[in-house]
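Peer 1:
Number of protein chains: 2
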Amino acid sequence: MSCSPEKRKLVEEIGLHFEKTHQLAPLAARIYAIMILSPKEGHTFDEIMSITEASKSSVSTQLNLLLQLKKVEYFTKSGDRKRYFRGNKMYLKNTLESYLVNISEEIKIVEKITTFNASYNPEKYEKIGKVPMIFKEYLLRQEENLKSTITKISEIQNK
Amino acid sequence: MSCSPEKRKLVEEIGLHFEKTHQLAPLAARIYAIMILSPKEGHTFDEIMSITEASKSSVSTQLNLLLQLKKVEYFTKSGDRKRYFRGNKMYLKNTLESYLVNISEEIKIVEKITTFNASYNPEKYEKIGKVPMIFKEYLLRQEENLKSTITKISEIQNK
DNA sequence: CGTTTAGTTCGGTGAGTTCCGAACTAATTA
DNA sequence: TAATTAGTTCGGAACTCACCGAACTAAACG
Chain A
1 MSCSPEKRKL VEEIGLHFEK THQLAPLAAR IYAIMILSPK EGHTFDEIMS ITEASKSSVS
61 TQLNLLLQLK KVEYFTKSGD RKRYFRGNKM YLKNTLESYL VNISEEIKIV EKITTFNASY
121 NPEKYEKIGK VPMIFKEYLL RQEENLKSTI TKISEIQNK
Chain B
1 MSCSPEKRKL VEEIGLHFEK THQLAPLAAR IYAIMILSPK EGHTFDEIMS ITEASKSSVS
61 TQLNLLLQLK KVEYFTKSGD RKRYFRGNKM YLKNTLESYL VNISEEIKIV EKITTFNASY
121 NPEKYEKIGK VPMIFKEYLL RQEENLKSTI TKISEIQNK
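These protein sequence lines map, in sequence, to chains A and B. By our numbering, the letter at position 52 of the first sequence is numbered 52, and the numbering carries on one by one without gaps. By our numbering, the letter at position 108 of the second sequence is numbered 108, and the numbering carries on one by one without gaps.
#1: What residue from Ile103/A, Leu100/A, Lys93/A, Pro132/A has the CA that sits closest to Gln157/A's CA?
#2: Does the distance from the CB of Ile31/A to the CB of Leu63/A come in under 8 Å?
#3: For Lys147/B, report the span of its alpha helix (DSSP H) as first-last.
#4: Report the rounded CA-to-CA distance for Thr21/A versus Thr95/A, giving the unit in angstroms.
#5: Looking only at DSSP bridge pairs, what is Arg83/B linked to?
#6: Pairing CB atoms from the segment 50-66 of chain A with CB atoms from the segment 106-120 of chain A, are three or more of them under 8 Å?
#7: If you draw a straight line from the alpha carbon of Ser55/B to that of Leu27/B, how long is it in whole angstroms?
#8: Taking only beta-carbon positions, decide if Gly32/B is within less than 8 Å of chain A.
#9: Starting from Gly15/B and walking both ways along the alpha helix (DSSP H), at which residues does that stretch end?
#10: Just the chain A side, please: which residues come within less than 9 Å of Thr149/B by C-beta, in chain order?
#11: Can you list, in chain order, the residues of its chain whose CB lies under 8 Å from that of Met1/B, leaving out five sequence neighbours each side?
#12: Looking only at C-alpha atoms, which of Phe116/A, Ser154/A, Met35/A sits nearest to Phe18/A?
#13: Determine, using beta carbons only, whether Lys71/B comes closer than 8 Å to chain A.
#14: Using a cut-off of 7 Å between C-beta atoms, extract the partners of Leu92/A located in chain B.
#15: For Thr151/A, does the count of other Cβ atoms within 10 angstroms reach 16, so buried, or fall short, so exposed?
#16: Give, in chain order, every residue of the segment 15-31 of chain B whose Cβ lies closer than 7 Å to some Cβ of chain A.
#17: Here's the rule: buried if 16 or more other CB atoms are within 10 angstroms of the residue's CB, otherwise exposed. What is Ile153/A?
#18: Taking just the CA atoms, how far does Arg83/A sit from Lys9/B?
#19: Does Ile153/B come within less than 8 Å of chain A when only Cβ atoms are used?
#20: Is the beta carbon of Lys71/B less than 8 Å from the beta carbon of Leu100/B?
#21: Going by beta carbon distance, what residues of the same chain come within less than 8 Å of Thr44/B, once the five residues before and after it are set aside?
#22: Cβ of Leu66/A less than 8 Å from any chain B Cβ?
#23: Of the residues that make up the segment 34-48 of chain B, which ones have a beta carbon closer than 9 Å to any beta carbon in chain A?
#24: Can you give me the C-alpha to C-alpha distance between Lys77/A and Glu41/A, rounded to a whole angstrom?
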């Protein structure tokens, strides 16, 4: 049984974080946390059940969701009917790519707001001045930061 | 009555965005969107009711929530019993500051994961190599970007 | 063949959320 | 003083969500 109290505590904490940042149900977030904390060897379905203390059906549903989202993958061992689940090796890259989508959405929203204000509230728009522009510049820098980080990670993982 | 079909559509769209990014109920998110699209003049309670087509009680509850979160503020006009609601002038700065909190949390989480893996899974940790380090560098750059943007906005708004 | 293993699928259930109407309050006006 | 205005508060209806148990399937084993 591979679960120290320390790991259990970390699973709880990282789970809470993943619930927010990846918009996952509590159980899915905890399963994902378990995967991240065991980078290579993989866990069986039963191990996940016993660590999370959740039911078979819940583990099945949430695990399939994580597989579908490509946050988790599995491998098999010959002469062993079980599947071994682990975090997708590209999980950090995938995380960054989803951040990139969010940033692009936010840039579009900011553009729509400034366009609207410029044409419908020109006099008020003048008063707000440079703030939306500075915000957009911030978003563009962040987009750049994300893109270059994704490239760096890809270079390492594809070699 | 200050509500073109274009504005209504934008309110819907930005509302959906705010629901996710600010974790607000649909109605609260729409009210906040209305405030952002009218930077200065302010809307009365009744205007908000008629734009959102929501009930008095719902508008009251969600508006008070937004006031409490300092996303919205109000002013009054002498000889007029109504309150005029508008987006908090510091809303972009406040938004960025909440991002900053999230980034700091994420940095802590990444540190905990790498520490855990370094001590409990040293051999696997070796194989993942530089990826978590690159991720942390990305987060630190983003933190820096946020901090300098907040400073810029403060300089403009405090003068 | 019957049984075990490794899951999946279905029909709830309990908790939480979002919104509403109705009754209320507190200040203002006629 | 009665009525209006500008909200607030309360109780509940309708809905969603996360999870569960029980019954199921499909492959492998004895």
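Cβ atoms here follow ideal geometry from the backbone N, Cα and C, with glycine treated the same way. Keep in mind it's a predicted model, so treat the numbers as computed, not measured.
Peer 2: So, from the listed chains and residues:
#1: Lys93/A
#2: yes
#3: 131-158
#4: 9 Å
#5: Thr76/B
#6: no
#7: 10 Å
#8: Strictly speaking, residue 32/B in this sequence is Tyr, with Gly absent from that position. Closer than 8 Å: no.
#9: 5-22
#10: Ile134, Phe135, Glu137, Tyr138, Arg141
#11: Its pLDDT being 45, under 50, Met1/B is placed unreliably by the model, and nothing is read from it.
#12: Met35/A
#13: no
#14: Val131, Phe135
#15: exposed
#16: His17
#17: buried
#18: 48 Å
#19: yes
#20: no
#21: Lys82, Arg83, Tyr84, Phe85
#22: no
#23: Ile36, Leu37, Ser38, Pro39, Lys40, Glu41
#24: 11 Å
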